[in-house]
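Reading through the structure tokens given below for one structure.
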Amino acid sequence: MTKAHKATNQEQFLLRRKMAVEGLGESQWEDLIHDLNHHPCVDFAERKPNGTLHVTYDGTHWTVDELLELIKAYGGRLKSGWWARRKLAWYRFTDDNVRANAKHEPFCCSKIPPMKK
Numbered sequence: 001m002t003k004a005h006k007a008t009n010q011e012q013f014l015l016r017r018k019m020a021v022e023g024l025g026e027s028q029w030e031d032l033i034h035d036l037n038h039h040p041c042v043d044f045a046e047r048k049p050n051g052t053l054h055v056t057y058d059g060t061h062w063t064v065d066e067l068l069e070l071i072k073a074y075g076g077r078l079k080s081g082w083w084a085r086r087k088l089a090w091y092r093f094t095d096d097n098v099r100a101n102a103k104h105e106p107f108c109c110s111k112i113p114p115m116k117k
């Protein structure tokens, strides 16, 4: 069954992130998930077994760096390692790409492209 998205989020710009988080206690996890689910840019957040955080957010208004700041505010951190750094770099790249695509104004291919201002 498909989950209904929040009305404030644009479905085509939703980004799903999976992060291995460590350093959080049970109550900190609950508070983090509660705050994420009540954040206007976050569509859905949940904790999976073995400390994995699954978050879906609107990439036009929020970034993975803001998510990391929120995790650090609760005392957590991402698991270190080559793969975690590689995934984080990819997440940052796709965040920038989504924001650029959201700002792009398409034009008809039979017309002259708009001039840069």
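Counted from 1, the sequence shown has number 33 at position 33 by the UniProt record's numbering; the numbering is strictly sequential.
Every residue, glycine too, gets a C-beta built ideally from N, C-alpha and C.
Here the structure is a predicted model, which means the values were calculated and not measured.
Inter-residue CB distance, residue i and residue j (contact presumed, cutoff 8 Å)
i   : j   : result
K79 : E22 : 5 Å
Environment of residue i [buried if 16+ CB atoms lie within 10 Å]
i   : result
T56 : buried
W62 : buried
G76 : buried
A45 : buried
N97 : exposed
Straight-line Cα distance separating residue j from residue i
i    : j    : result
R86  : L14  : 21 Å
N101 : T94  : 10 Å
R92  : T60  : 13 Å
L68  : K103 : 24 Å
E30  : K18  : 17 Å
N50  : P106 : 43 Å
T2   : E26  : With a pLDDT of only 45 at T2, under 50, the local geometry of the prediction cannot be trusted, and no value is derived from it.
R16  : W90  : 12 Å
L36  : R99  : 20 Å
G81  : L88  : 11 Å
K74  : P40  : According to the sequence shown, residue 74 is Tyr rather than Lys. Taking the straight line from one Cα to the other gives about 19 Å.
K48  : H38  : 18 Å
K72  : K116 : 40 Å
Q28  : H34  : 10 Å
CB of residue i within 9 Å of CB of residue j, strictly
i   : j   : result
L70 : L24 : no
A84 : L53 : no
K58 : V42 : The sequence as given places Asp at residue 58; Lys does not occur at that position. Yes, the Cβ-Cβ distance between D58 and V42 is below 9 Å.
Next item on the list: Taking only runs that begin and end inside the stretch 33-82, name each unbroken alpha helix (DSSP H) of 4 or more residues, in chain order.
Entry: 64-73
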